[in-house]
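This report concerns only the one structure given below.
Numbering (the working numbering), first residue to last: -11 to 376.
Structure representation (structure tokens):
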């Protein structure tokens, strides 16, 4: 085991930071705190693995001696981030790694490479999607994923593939988000669905935007690597790869909740409503609803903290009542859920589809106040019960 390389400081710091994010906070084995350095040809590969999620970066490097070394990942990340802006020389033998950058010198003890687990094989390629499109789609959906690890199934994002359509779906039981995008499948008739951990998917999508495309590889069969999702991003600074073990729970059947036939439809400028919700929700008492009162030509937002503080604000809106029966005149929203939905909405106008108090409300985007709904992104929020 001997390594001798020279790399650019910024490239090293960026690469180490990216793979180190997958390091476990409390490793089940000390060896999993390691970061693997592999030098070969004209590139160096850095990788980490916590037995569930792996990350790997390959970047151009001046390789003087080929070899492999394993060092503490978090320590290397801290050091790389603090180095001066000069080329970095790294020399490793069987017991230590010496890192030199300008007049700064560090010596790190190595870990036994032969005890480090092999990274999982990347599953067979399933398709390719534009990196910026993928990142935005994941961000729009993951906001509705759960955070409670005890309800693991709700922390995932369901990735559904049907030909050239890729769908992302998440829910925490109180809200739900669905985004449908067009991609390039590896085969025209490819189809399937997997459940990917939401936190890993969000971090991975955000970090692969330096390249133009993201290659997605999904596997649910033993012959291709049991239950894995893989992502590869190619950029000017090299390639980045990540794999994660899939969640094996059955995702609840919730798509039908997207099919809302409204009794009342409200169209309103998104930015204007977003700003008003931010202001009015400042006085909303914890676990109490933000009230949206629906009038003929506007909506009024109201919130309060008992007798201590109250707030209200009206916004012009186009309101359409689609039934002769008694329809909804006021709705109660969790303020944070409404803010999350409006922030995720990538359109100048918002369309609210209401049915009845306490029933789900569908929020979609509009390109213009009188345009058709943009159904590629749909966000559903369960309404809160209003007092009285």
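A virtual CB, placed ideally from N, CA and C, is assigned to each residue, including glycine.
Computed from a prediction, not measured in an experiment: that's the story for all the values here.
- Approximately 3 Å separates the beta-carbon atoms of residue 320 and residue 277; this is inside 8 Å, confirming the contact.
- Counting every other CB atom within 10 Å of its CB across the protein chains shown gives residue 72 a total below 16, marking it as exposed.
- By the 16-neighbour rule on beta-carbons within 10 angstroms, residue 297 is exposed.
- Per DSSP, the continuous alpha helix (DSSP H) segment holding residue 260 begins and ends at 258 to 268.
- Straight through space, the alpha carbons of residue 331 and residue 355 are spaced by roughly 16 Å.
- According to DSSP, residue 297 shares a beta bridge with 293.
- Annotation note: the stretch 87 to 162 contains the following uninterrupted beta strand (DSSP E) runs of length 3 or greater, listed N- to C-terminal: 92 to 97, 113 to 118, 144 to 150, 153 to 159.
- For residue 365, the pairing in a beta bridge is given by DSSP as 167.
- Looking at the backbone, the Cα of residue 365 and that of residue 26 are separated by about 42 Å.
- Taking the Cα positions, residue 309 is about 18 Å away from residue 247.
- Per DSSP, the beta-bridge partners of residue 31 are 28, 48.
- Contact check for residue 149 against residue 52 fails: the beta carbons are separated by 9 Å or more.
- Contact annotation, residue 114 with residue 202: C-beta distance approximately 11 Å; criterion of less than 8 Å not satisfied.
- Here residue 285 is exposed: its Cβ has fewer than 16 other Cβ atoms, across all protein chains shown, within 10 Å.
- Rounded to whole angstroms, residue 269 and residue 323 show a C-alpha spacing of 6 Å.
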